[in-house]
Structure formats: structure tokens, C-alpha cells
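Undergrad: Can you read through this structure? Questions will come right after.
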Amino acid sequence: MDNLLAARALMGVSFVFHIIYATMGIGLPLLLMLAEGLALKTGDESWHRIARRWVLPAGVVFAIGAVSGTILSFELGLLWPRFMAFSGAMIGLAFSMEGFAFFTEAIFLSLYFYGERRLSRRALFLCTIPLTLAASISAIFVISANGWMNTPSGFQMVNGSPSDVLPLRAFANEAWPHEALHGTLAAYVATSFAIAGYYAAMVLKGRGAVEAKKALSLSLSVAAVTAPLMLVTGDWAADSVAKFQKAKLAAMEAHFKTSAAAPLVIGGWPDPDTGRVRYAVRIPKLLSILAHDDPNAVVQGLDAFPQGTTPDPRLVHPFFDLMVGSFFVMGIGLGWFWWLRWRQKEVPDQPRLLKYLMFASPFGIIALESGWLVTEFGRQPWVVQGYLRTSQSVTPNGGVVSVFITFVVVYLCLTAGMLKLLLRHQGRHGGEGKEVEHA
Amino acid sequence: MPDPVSLAALVAALALVLYALFGGADFGGGIWTALAFGPRAREQREALFNAIGPVWETNHVWLIFVVVTLFTAFPAGFAALFIALMTPLVVALVGINFRGAAYAFRHYGRASGREVPFSARVFEIASVLTPFALGMAVSATAAGSITIENDVVSTGTGIWFNPFTVMGGVIGLCICAYLAPVYMTVRVKGALQEDFRNASIAAGVALGVVTAVMIPLALQTAPEFSHRLLGSWPMLCVILAVLAGVTTQLLLLLRRFRLAQVMTGVTVVLTLAGFAAALHPDLIIQELPLRAAAAPRSTLIAYLTVLPVGAAVLVPSLWFLYWTFRGEPAPELPPAGKEP
Chain A
443 MDNLLAARAL MGVSFVFHII YATMGIGLPL LLMLAEGLAL KTGDESWHRI
493 ARRWVLPAGV VFAIGAVSGT ILSFELGLLW PRFMAFSGAM IGLAFSMEGF
543 AFFTEAIFLS LYFYGERRLS RRALFLCTIP LTLAASISAI FVISANGWMN
593 TPSGFQMVNG SPSDVLPLRA FANEAWPHEA LHGTLAAYVA TSFAIAGYYA
643 AMVLKGRGAV EAKKALSLSL SVAAVTAPLM LVTGDWAADS VAKFQKAKLA
693 AMEAHFKTSA AAPLVIGGWP DPDTGRVRYA VRIPKLLSIL AHDDPNAVVQ
743 GLDAFPQGTT PDPRLVHPFF DLMVGSFFVM GIGLGWFWWL RWRQKEVPDQ
793 PRLLKYLMFA SPFGIIALES GWLVTEFGRQ PWVVQGYLRT SQSVTPNGGV
843 VSVFITFVVV YLCLTAGMLK LLLRHQGRHG GEGKEVEHA
Chain B
43 MPDPVSLAAL VAALALVLYA LFGGADFGGG IWTALAFGPR AREQREALFN
93 AIGPVWETNH VWLIFVVVTL FTAFPAGFAA LFIALMTPLV VALVGINFRG
143 AAYAFRHYGR ASGREVPFSA RVFEIASVLT PFALGMAVSA TAAGSITIEN
193 DVVSTGTGIW FNPFTVMGGV IGLCICAYLA PVYMTVRVKG ALQEDFRNAS
243 IAAGVALGVV TAVMIPLALQ TAPEFSHRLL GSWPMLCVIL AVLAGVTTQL
293 LLLLRRFRLA QVMTGVTVVL TLAGFAAALH PDLIIQELPL RAAAAPRSTL
343 IAYLTVLPVG AAVLVPSLWF LYWTFRGEPA PELPPAGKEP
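Right, here's the structure in full:
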């Protein structure tokens, strides 16, 4: 393993790990806010109990999210110092603003988690509002940096280095609005499905079923509002990618040859040697319609770009399909639940539905992770699209392989420790209701 | 308008000082958990543990703030520093991770009714390791063993076994060990308060001794730094830091804890200010001036404009946090699932 591969692998592992916790850190506050708000509004204390029961596991999740985020901010310098020297002046503003939002999030999180004995109920609820806002705003800000890597703007290249920097223009780059919205909404969908799966299991076991059903409804309400918006923002993202990141679109769709009336390729395995996609389903003209709103439009394929400047479709197309597929897995669960809820006028508890929801539970995170992989693998071999290659930005220090191994061990320890704690807790208390009294 | 490079450098230094004051006390809590002594060792640990709980995450955001300020305002400097300081930064990072996770696990374990001794050990070890590594990293910028030629950053051989950087690590440790018990004297009463008072006095002596030893050591191993340190402004900071340190010890002896708490902070601020003043106008001594490391003017101005807006949200929120969790540290979380 060479330095570049080790650095990429470490950055990838760090992100895959951090994204899980960061996602929960965006989604959970919204659910806490809604539950606490409902408790105050309806006077139904069970909402408050549902929210407070999340405090301990969420505390661990947030803590790991914060420390793994610290790892990432250090890795920017430890692994990619030349990327940072190139881009710091353009993406720094996004990170600085995110820093303030994250700071605010950490503060109100502590107040909500630890403040039960020191703050009134109304104050606790009020703390969840800046918490929810700061969490989503920090995501929206930080995604601007990723957007800039995809659609760099706000500078001129003079003698091989960026100058005439316009930080606000760089901040508001073309990819930012759709990436920020799509990504933040995805965090809500992922969290609400993860939580829904947990409560579906509770209802299935018959443990504290009354409260579990309420929580299930709440989380699937959030999903019902946010999931359709994923479709809208996803379409917007595709339009923008078709306009500004044509090579990425070609790799996403495994579209090798530039052609008019391009079909949409679903599934299959792209083979760059032959330029064909084996075992795929093709829907005629649909790619042209999706990308350019015209069934006969020409869509550029990977062959339209100089060799060595395009991403590998084998790393992009399957993850794109996985992302879209995951969405439909969740959509079925959502439709099923709300159909029965509407028909029966009460929270449905058919074992088949509950089992399906448990099955669908991780697909929000799967979709989010694979969407992120699409956007990252889809930009290769560039770290700053069209300007700086990933291979040019890696640290000149040797020994990245040993750093990689060190951090893989760190992540394994953290994951093992957390699973052990959460599972033991489950085993001991059944995770629910009245049996959790202590001496 | 004053020069944006200097202003941005001031912000970076200020962020580092705030991290030292808040994050440092946090690490100090871990150090004194390991060093808990006497018949009330258990109570000392409990009090430290409960005091850290609600604020540790916030305390560590200052570090992210330092990193973000560096790469926004001094991208070339950030790149050079992170190439040169890879070793101690990786150690610190591993420490920060294990410390945060161990703390959270321990908290969670305790709230669900189990002691988690392994997590407690990890927490203590990481609390010692991290400030030591960070102290080494910070002092290495002044040691004079990092060189930059034709954009290639290299560190002299043996930079991490150099007495100057090792001593820098020890000073980092002592600063943390000094802050935590002084803060604690204000928050507890009775015999426990006396324990923390004794710990504070001991740590104060230790910090005084190591910083005093550092000066002859610097004269030998980091001549440029010591030359600048014994110049005009930095020297003033040094003298004032010594005075503030002595005053703190006297206040502790007289049991004027609130004033002592303030003076401890002042001592640490002046110590770090002396260091920063001696480093000025460089980011890496003699090799990389702040001006050469800085981002373009437009970025600096955008950053400095965002700052007061962010501060307007942050400062009242921080105040509310520390105000809410003032006074006697208590286990703030009820056991898992129990109704309040």
C-alpha cells in the first residue's frame, strides 16, 4: 500500500465512520425537539419520557461524533496538506462558519442532556430549538466546502496558484445549494428510519408498546415529510451535476459513449475495457430526459473527456444505484405504514409491517453513505475538480500506512466499546419502559 | 483598519489560549483523577468527573476552532505545520479520541449502574498523553529545528527527543494540572476544598519549576527563541507571569479561592502570551513568517467579518452553559430510564 492509497483509505474510513454519528447528530435533535414540544403542548408526559430515554445513548453517539470530527479536521492537514494550502483560503470560510454552528450545537446539547435538574421543562424544550437549528446549519455550512471541491469557484489561477480570491463566491458555489439540502434532508430520513426500526422492534416484542407506537409514528412522520423532498432535491442535484459535473454524471449512469437519446442504465457491472455494462436494465431515452429534460438530448459519455481525467464508473455507478434503491426500500415501508394508519385510524402493528420496517431501518444510512461515495469517487482523480489532483495533494511524509493502521485500530476499539455498552444495556434493561428502575 | 494578518494571528493566539484555559482544565481533571490522593481520593475523582461532564465537549471545540482558524487564515502555515508536526499530532489525536470515548462510555456505564474501570484507566492515560503531545507540538514551532527549503518542509533529526520540545510537553501537562484543581476549589467545600487547594499549590510549584528550568534550557537548545524571549515585550510577559503565579500561590495560601481562580487564568494567559510574543512575527521560528503563511486579504477580511457575528451567538450561549452548571458538581444525569 503506498502513501496515496493509505491516505485515501484513511480519509474514506474516517468519513464513513464520522458520517454515521454526524447524521444522528443532525436528525436526533429534531426528534427530541418535536417530542419535547408535543409534551408541552399536549401535556402528555410520555412524549417527554420518550425524549429523555434517548439522552444516554445519544450522549455516546454525540461524543463519538465530536471526536471523530476532530480526527477529520486534523486529517485535512496530516494527510492533505497541499490540498489545504491550495484551498484553505476558499473553503476556510465554510469551515469557520460551521465551527460556530457546531460550537452552539455542543453547548445546547450539554444544556439539554445535563440540564434536567437545573432547568425548567420549558427551558429544556427551548434548548432543543437552537440545538436542532445549529445542527442542521452546521451541516449546511460544511457541505459548502465539499460543493466547492466539486464546482470550484471564486478564484483565478495565476502561475499555477489561486489568486483574486472571492471567499463569498467560493462559499456559494454551484453545487452547494443542492448538496446542502439533499444532504441535510438525508440525515433526517436516515435518523428517522433508524429510530423507526428500533421502535418497530419494541412494538413487535410488546415492550412498552403504547409509547413505542407513539415514537414510531413520530419518526415516520418526520420521514413522511422529508423523504418526498429527497426526490425533489435529488432531481435538482441530477440537473446540476448534468450541467457542472458532466464526467461525474457519466460515471454515475455508467454512460460510456456520448450519444443522443441516451438510455438510463440500472444495475449491471460497468466494464471500462469494453465500454459496456453487463447485466444491466436499460430504459430508453430516460437518461436524456432526466439530465436535460429532452428525450433526444445528447448526453456526454466518459469518452468525451481526456483519458486519465475521469472517474472509474465501477466505483460510482453501483453506489448510485444503491442510493436510489435504498430510497425505494424506505419508500415502500413508509407507504405501507401510512396506508394502514389511514385505513385503521390507529398505529398499525402487523408483524409483517414491523419486520419490514426493521429491515428498512439501516437503509437511510446506507443511502447517505453511498450518496457520499458517489460524490467523492465521482470526482476522482481530482480533489479540486479540474485544478488539483488527489495525488498532488497528499502529504510528502512517509509512514502514512502506519497512521492508517493506527486509526483503523482506534475506530475498531471505539466501535467495539460502543456496541458492547449499548448491547449490554439492551440486554439488561430491555431498553424500554418500566423495568429500568434502579436501586 | 488594523492589518488583517496581525488581527487573524491574534485570533489564532486567542483561540489557543482559550483552548488552554478550558480544554486544559479538562485534561487537568483527568490528570488529577489519576493523581487523586489521601483518604478522599474517591470523592476527588467523583467531583472531577461530575464537573467535567456537562462541559467537556464544548471545551474541546476550542481545538477545532484553532485548527479552522489556522487553515482559513494561514493555509500555507497550516500545511507546513501539519507536515512537520505529524508525529505529536497523531499521538494527541489518538489521545483525544480515546479520552472522549472513554469518558462517554464511563458516564454511560455508570448511569446504567456499572463501574467501568477500564474506561477510567484509558481516560486517565489519555488525559496525560494528549496535553504532553500538544505541548511538544506547540513548542516545536519555536525550537528552530523545522526548516523549509523550496517549499519542502523537514524536521531536524531527533526533534522529538530534543530537551526543549520534551520540556514543552511537560509544561503543557503542568498547565493542565495547575488549572483544574484551582477551578475545583471554587466549586466544592470542606475537606475536599482543602484537598484541591493542596493539589493547586503543588501544581503551581511544579509549573514554576519547569518554566524556570525551560529558560536556561532554551538558551542552549533554542537560541533564537530564548534571544527573542529575553527581549522587550516577551520579557515583560514573563515577569508578569511570574508575578501572577506568585500571587496565585499567596491567594491559595490565604484561601481566597475566587481571586485565585482568576489569577491562575491570568498566569497561564501571560505564560502563553510570552511564548507567542517571542515567536512573533513568525509562525515557525525563522522559517515561516506569519505574513508569508497568510491567506489573501479578501479571505482574511471575510473571516474577520464572520467572527463577530459568530461571537454574538457563541458568547451568550457559552455564558449560559457555564452559568447553568455553576456551583457544586453533581451527577447531572439520572440513572438510565429513571423518571426525574
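For the record, the sequence lines run as chains A and B.
Those letters in the first sequence? Residues 443 to 881, per our numbering, in order.
Those letters in the second sequence? Residues 43 to 382, per our numbering, in order.
From the three backbone atoms N, C-alpha and C, an ideal C-beta is built for every residue, glycine too.
Model, not experiment: these values are computed from the prediction.
At a CB-CB cut-off below 7 Å, which residues of chain A make contact with V136/B?
TA: Ordered by position in chain A, the residues that pass the 7 Å Cβ test against V136/B are T848 and V852.
Undergrad: So, does the CB of P96/B fall closer than 8 Å to a CB anywhere in chain D?
TA: Absent from the structure is chain D; the protein chains it does hold are A and B.
Undergrad: Tell me whether the beta-carbon of T700/A lies closer than 8 Å to the beta-carbon of D745/A.
TA: In this structure, D745/A lies closer than 8 Å to T700/A by Cβ.
Undergrad: List, from N- to C-terminal side, the beta strand (DSSP E) runs of 3 residues or more that fit wholly inside the segment 280–355 of chain B.
TA: DSSP runs (the beta strand (DSSP E)) wholly in the segment 280–355 of chain B: 324–326.
Undergrad: Output the distance between the C-alpha atoms of E621/A and I549/A, rounded to the nearest integer angstrom.
TA: Their backbone Cα atoms lie some 27 Å apart in a straight line.
Undergrad: In the DSSP assignment, find the beta strand (DSSP E) that holds V719/A and state where it starts and stops.
TA: Counting along the chain, the beta strand (DSSP E) containing V719/A begins and ends at R718 to R720.
Undergrad: Taking a Cβ distance cut-off of 7 Å, strictly less, list which residues of the segment 831–844 of chain A are near chain B, in chain order.
TA: Within the segment 831–844 of chain A, the residues whose Cβ lies closer than 7 Å to some Cβ of chain B are T837, P838 and N839, listed in chain order.
Undergrad: In the structure shown, what three-state DSSP assignment does A451/A receive?
TA: Note: A451/A maps to helix in three-state DSSP.
Undergrad: Would you report the Cα separation of I637/A and S340/B, rounded to the nearest angstrom?
TA: Cα-Cα distance, rounded: 45 Å.
Undergrad: Using a C-beta cutoff of 8 Å, does T546/A count as contacting chain B?
TA: At least one chain B Cβ lies under 8 Å of T546/A.
Undergrad: Can you grab the Cα-Cα spacing for the pair P377/B / H149/B, in whole Å?
TA: For P377/B, the pLDDT reaches just 42, beneath the cut-off of 50, and the residue's location in the model is therefore unreliable, although a value from the coordinates is still provided. Using only the alpha carbons, I get a separation of about 10 Å.
Undergrad: Of the residues L131/B, T111/B and N139/B, which one's Cα is nearest the Cα of L854/A?
TA: Nearest C-alpha to L854/A: N139/B.
Undergrad: Considering only residues of the same chain and omitting the five flanking positions on each side of E879/A, which have a CB-CB separation below 8 Å?
TA: Residue confidence is low: E879/A scores 33 on pLDDT, short of 50, so the model does not pin down where it sits. Its coordinate-derived value is still stated next. None.
Undergrad: Determine, for T114/B, whether the minimum Cβ-Cβ distance to residues of chain A falls below 8 Å.
TA: Judged by the 8 Å Cβ criterion, T114/B is in contact with chain A.
Undergrad: Quick check: V11/B and M209/B, are their CB atoms within less than 8 Å of each other?
TA: Residue 11/B lies beyond the range of chain B shown here (43 to 382); nothing can be said about it.
Undergrad: Based on the DSSP secondary-structure assignment, which residues constitute the bridge partners of S701/A?
TA: Note: S701/A sits in a beta bridge opposite V741/A.
Undergrad: Report yes if the CB atom of G316/B is closer than 8 Å to the CB atom of A283/B, and no otherwise.
TA: For G316/B and A283/B, yes; Cβs fall inside 8 Å.
Undergrad: Which one of F124/B, T309/B and V164/B has the shortest CA to CA distance from G383/B?
TA: No answer is possible for residue 383/B: it lies beyond the span of chain B, which begins at 43 and ends at 382.
Undergrad: Need the endpoints of the alpha helix (DSSP H) that R756/A sits in, please.
TA: Element bounds for R756/A: P755 to Q786.
Undergrad: Can you check whether the CB of L535/A is closer than 8 Å to the CB of T111/B?
TA: No, Cβ-Cβ distance for T111/B and L535/A is not below 8 Å.
Undergrad: Is L608/A helix, strand or coil when you go by DSSP?
TA: If DSSP states are grouped into helix, strand and coil, L608/A belongs with coil.
Undergrad: In chain order, what are the residue ranges of uninterrupted alpha helix (DSSP H) at least 4 long that sit wholly in the segment 192–268 of chain B?
TA: With a minimum length of 4 residues, the continuous alpha helix (DSSP H) runs that stay inside the segment 192–268 of chain B are 205–229 and 232–263.
Undergrad: By a C-beta neighbour count over all protein chains shown, 10 Å radius and 16 as the cutoff for buried, is F160/B buried or exposed?
TA: With fewer than 16 Cβ atoms within 10 Å of its Cβ, F160/B is classed as exposed.
Undergrad: Quick check on the burial criterion: 16 or more other C-beta atoms within 10 angstroms. Buried or exposed for E818/A?
TA: Buried, by the Cβ-count rule.
Undergrad: Between H734/A, Q687/A and P714/A, which lies nearest to A702/A when the distance is taken from Cα to Cα?
TA: With distances taken between Cα atoms, A702/A lies closest to H734/A.
Undergrad: Shortest alpha-carbon distance to L62/B belongs to which of R333/B, Y220/B, S274/B and A264/B?
TA: Before going further, note that residue 62/B is Ala rather than Leu in the sequence given. The option with the nearest alpha carbon to A62/B is Y220/B.
Undergrad: Measure the C-alpha to C-alpha separation of L861/A and V502/A and round it to an integer number of angstroms.
TA: Each residue's alpha carbon lies about 11 Å from the other.
Undergrad: Going straight from the alpha carbon of G200/B to that of V230/B, what length do you get?
TA: Distance between the alpha carbons of G200/B and V230/B: 44 Å.
Undergrad: Is DSSP giving D444/A helix, strand or coil here?
TA: Residue state, collapsed to three classes: coil.
Undergrad: Shortest alpha-carbon distance to D754/A belongs to which of F567/A, V843/A, N445/A and Q822/A?
TA: With distances taken between Cα atoms, D754/A lies closest to Q822/A.
Undergrad: What in chain B is Cβ-close to T570/A, meaning under 8 Å?
TA: None at all; the shortest Cβ gap to chain B is about 14 Å.
Undergrad: Determine, using beta-carbon pairs with one atom in the segment 536–547 of chain A and one in the segment 488–500 of chain A, whether at least three such pairs fall under 8 Å.
TA: With a cut-off of 8 Å, the segment 488–500 of chain A and the segment 536–547 of chain A do not count as touching, because too few Cβ pairs lie within range.
Undergrad: Of all Cβ atoms in chain B, is any one closer than 8 Å to the Cβ of L575/A?
TA: Answer no: the Cβ-Cβ gap between L575/A and chain B never drops below 8 Å.
Undergrad: Determine the contact status of T633/A and E616/A, defining contact as a CB-CB distance below 8 Å.
TA: Not closer than 8 Å, so no.
Undergrad: Pull up the distance between the alpha-carbon of E877/A and that of A654/A, whole angstroms please.
TA: For E877/A, the pLDDT reaches just 34, beneath the cut-off of 50, and the residue's location in the model is therefore unreliable, leaving the point undetermined.
Undergrad: Residues in its own chain within less than 7 Å of G250/B by CB, not counting five upstream and five downstream?
TA: G287.
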